[in-house]
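Undergrad: Structure in structure tokens, see below.
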Amino acid sequence: MPELPEVQAVAERLRAAAPWARITGFGRFRSTTMTGGRHAVGRRIEAVDRRGKNLILRLSGGWFARVHLKMTGDLRVLPDARLRPQTVRAWFALDDGRAVVLDDPRALGRISLHPEQEEQELFRHLGPEPLGPEFTAAALLASARRTARPAKLWLMDQATVAGLGNIYAAEALFEARIDPRRPAAQLSRQRIERLHSAILRVLNSALASVRAAYERPGAFTEGEFYPVAVYGREGRPCPRCGAAVRRIPQGGRSTYYCPKCQK
DNA sequence: AGTCACCTGATT
DNA sequence: AATCAGGTGACT
658 MPELPEVQAV
668 AERLRAAAPW
678 ARITGFGRFR
688 STTMTGGRHA
698 VGRRIEAVDR
708 RGKNLILRLS
718 GGWFARVHLK
728 MTGDLRVLPD
738 ARLRPQTVRA
748 WFALDDGRAV
758 VLDDPRALGR
768 ISLHPEQEEQ
778 ELFRHLGPEP
788 LGPEFTAAAL
798 LASARRTARP
808 AKLWLMDQAT
818 VAGLGNIYAA
828 EALFEARIDP
838 RRPAAQLSRQ
848 RIERLHSAIL
858 RVLNSALASV
868 RAAYERPGAF
878 TEGEFYPVAV
888 YGREGRPCPR
898 CGAAVRRIPQ
908 GGRSTYYCPK
918 CQK
């Protein structure tokens, strides 16, 4: 599921479940799924934030839970902790009977508990929030000049900008008409400006789609909730020029792009 | 800078 | 049986 827009929607949906009761216990699928769970017991959730693709559950008494959904995770509230699907890999039981659960068929998602002083260190490797004030074309240009990597791999690096993944990196490059294989350091200032605004457009429009889908149960399982131009569309016509969309391996995963209009 | 391990399930 | 999957950190 989750790149930045999906993680943001998860955060917003969780916020709607406030006010929170106290955490009375926790459970986990394996010891690696959640670490430090005991530090959450007796505390209350005070806020839900997002940093890149991470969720932060701020707890009373100066602690927080960092949740990473990885490939297939979802974090939500169930009305009854005892009625949890098999794919729930970790949960916090609340004293009103509800539970906050990490539902993750693939079991790659992780939760860890930390004192608030550790937050800076924990997220030190993350670049600017793309929808925040620090993400400017100038900052993106400076980052591009410091790397030898192809544009797509550079964009997916969480140190470049926090929250883009395989889908939205490909979509932003399509939108900006940039070949994903082109070394980032070669991109002109004008192209970087185009890319910067493409990232904002793609993420904002995905966010609108994801929010709409969340208000309609089942929308995610129906497949297309975001109108992708190239991702997963190998061989289908480019919506801009009609040429066949191509799929190439980059960094061990698939990149989709239009060979005719991305230069 | 590139590859692999972590996991499970869907698809070919 | 093999390959692929919206992620990332730990290895060569």
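Going left to right, the first sequence walks through residues 658 to 920 as this note's numbering numbers them. The beta-carbon is built from N, C-alpha and C at its ideal position, and this holds for glycine as well.
1) Aspartate 814 to proline 840, Cα distance in whole Å?
2) So tryptophan 748 is in the beta strand (DSSP E); what residue range does that whole segment cover?
3) Identify every residue that forms a DSSP beta bridge with aspartate 706.
4) Under a three-way DSSP split, which group does glutamine 777 fall into?
5) Report, in whole angstroms, the separation of the C-beta atoms of leucine 921 and tryptophan 748, which I expect to be a contact under 8 Å.
6) Do the region 720-731 and the region 752-769 make contact, defined as three or more Cβ pairs closer than 8 Å?
7) Going along the chain, which residues of its own chain have a beta-carbon closer than 6 Å to the beta-carbon of asparagine 711, five neighbours each way excluded?
8) With distances taken between CB atoms, is the gap from arginine 700 to isoleucine 680 smaller than 8 Å?
9) In the DSSP assignment, find the beta strand (DSSP E) that holds phenylalanine 831 and state where it starts and stops.
10) When you compare the CB positions of alanine 808 and leucine 844, do they come within less than 8 Å of one another, or not?
11) Within 10 Å of its beta-carbon, does glutamine 665 have 16 or more other beta-carbons around it, so buried, or fewer, so exposed?
12) Which word fits glycine 880, buried or exposed, when buried means at least 16 other C-beta atoms lie within 10 angstroms of its C-beta?
13) Distance check for arginine 897 and threonine 878, CA to CA, integer angstroms please.
14) What residue range is occupied by the uninterrupted beta strand (DSSP E) comprising valine 757?
15) Between the C-alpha atoms of glycine 822 and alanine 738, what's the straight-line distance to the nearest angstrom?
16) What first and last residue would you give for the alpha helix (DSSP H) that runs through proline 662?
17) Take aspartate 731 as the anchor and find which of Pro662, Gln847, Ala901 has the nearest alpha-carbon.
18) Evaluate threonine 817 with the Cβ neighbour count: other Cβ atoms within 10 Å of its Cβ, from every protein chain shown; 16 or more gives buried, anything less gives exposed.
19) Measure the alpha-carbon distance for proline 884 versus phenylalanine 831 and round it to whole angstroms.
20) Buried or exposed: which applies to isoleucine 856, given that a residue is buried once 16 or more other Cβ atoms fall within 10 Å of its Cβ?
21) Under the three-state reduction of DSSP, which class applies to tryptophan 677: helix, strand or coil?
22) Our contact map puts tryptophan 865 next to aspartate 752 with C-beta atoms below 8 Å; I'd like the distance itself, whole angstroms only.
23) If distances are taken between C-alpha atoms only, which option among His696, Arg733, Glu773 comes closest to glycine 719?
24) By DSSP, does alanine 863 sit in helix, in strand, or in coil?
25) Please name the residue, chosen from Gln743, Thr689, Ala750, that lies closest to isoleucine 702 on a Cα-to-Cα basis.
26) Return the bridge partner residues of glutamine 907 from the DSSP annotation.
27) Considering just the uninterrupted stretch of the alpha helix (DSSP H) at serine 800, what are its terminal residues?
TA: Quick answer:
1) Residue mapping note: residue 814 aligns to position 157 of the first sequence, counting from 1. Residue mapping note: residue 840 aligns to position 183 of the first sequence, counting from 1. One C-alpha to the other measures close to 14 Å.
2) Here residue 748 refers to the residue found at position 91 of the first sequence. Its beta strand (DSSP E) spans residues 745-751.
3) In the first sequence, the residue the question calls residue 706 occupies position 49. Looking at the DSSP assignment, aspartate 706 forms a beta bridge with Ile713.
4) As a first step, residue 777 is located in the first sequence; it is residue number 120 there, counting from the start. In the structure shown, glutamine 777 sits in a helix (DSSP, three-state: H, G or I).
5) Any answer about residue 921 is impossible in this case: the structure gives the chain only from 658 up to 920.
6) yes
7) Counted from its first residue, the first sequence places residue 711 at position 54. Contacts found: Arg723, His725.
8) Here residue 700 is taken as the residue at index 43 of the first sequence, counted from 1. Here residue 680 is taken as the residue at index 23 of the first sequence, counted from 1. Contact: yes.
9) Looking up residue 831 in the first sequence gives position 174. Premise fails: phenylalanine 831 lies in the alpha helix (DSSP H), 823-832, not in any beta strand (DSSP E).
10) Walking along the first sequence from the start, residue 808 turns up at place 151. Walking along the first sequence from the start, residue 844 turns up at place 187. Yes, the pair counts as a contact, with Cβ atoms nearer than the cut-off.
11) Counting from one through the first sequence, the residue named residue 665 turns up at place 8. Its Cβ being crowded by 16 or more others within 10 Å, glutamine 665 is buried.
12) Position 223 of the first sequence, counted from the start, is the residue given in the question as residue 880. Model confidence at glycine 880 stands at a pLDDT of 46, short of 50, so the residue's coordinates are unreliable; what they give is reported in the following sentence. Result: exposed.
13) Numbered from its first residue, the first sequence carries residue 878 at position 221. Numbered from its first residue, the first sequence carries residue 897 at position 240. For threonine 878, the pLDDT reaches just 45, beneath the cut-off of 50, and the residue's location in the model is therefore unreliable, although a value from the coordinates is still provided. If I take the Cα positions, the gap works out to 28 Å.
14) Residue mapping note: residue 757 aligns to position 100 of the first sequence, counting from 1. Residues 756-760.
15) Taking the first residue of the first sequence as position 1, residue 822 is located at position 165. Taking the first residue of the first sequence as position 1, residue 738 is located at position 81. Each residue's alpha carbon lies about 32 Å from the other.
16) Within the first sequence, the letter at position 5 stands for residue 662. 661-672 is the span of the alpha helix (DSSP H), which, as asked, contains proline 662.
17) As a working mapping, residue 731 is identified with position 74 in the first sequence. Ranking the options by Cα distance to aspartate 731, first place goes to Pro662.
18) The count along the first sequence starts at 1 and reaches residue 817 at position 160. When all chains shown are included, threonine 817 counts as buried.
19) Here the question's residue 884 lines up with position 227 in the first sequence. Here the question's residue 831 lines up with position 174 in the first sequence. So the two alpha carbons sit approximately 13 Å from each other.
20) To locate residue 856, count along the first sequence from 1; it is residue 199. By the 10 Å Cβ count, isoleucine 856 comes out buried.
21) Counting from 1 along the first sequence, the entry for residue 677 is found at position 20. Tryptophan 677 falls in the coil class under three-state DSSP.
22) Within the first sequence, residue 865 is the residue found at index 208, counting from 1. Within the first sequence, residue 752 is the residue found at index 95, counting from 1. Per the sequence shown, the amino acid found at residue 865 is alanine instead of tryptophan. Contact flag wrong, Cβ pair sits at about 36 Å.
23) Within the first sequence, numbered from 1, the residue matching residue 719 stands at position 62. Out of His696, Arg733, Glu773, Glu773 has the C-alpha closest to the C-alpha of glycine 719.
24) In the first sequence, residue 863 corresponds to position 206, counting from 1. DSSP places alanine 863 in helix when its eight states are reduced to three.
25) As a first step, residue 702 must be located in the first sequence, where it is residue number 45. Of the listed residues, the one whose Cα sits closest to isoleucine 702 is Ala750.
26) Along the first sequence, one-based indexing puts residue 907 at 250. DSSP output for glutamine 907 lists Arg910 as bridge partner(s).
27) Taking the first sequence and counting its residues from 1, one reaches residue 800 at position 143. Residues 794-802.
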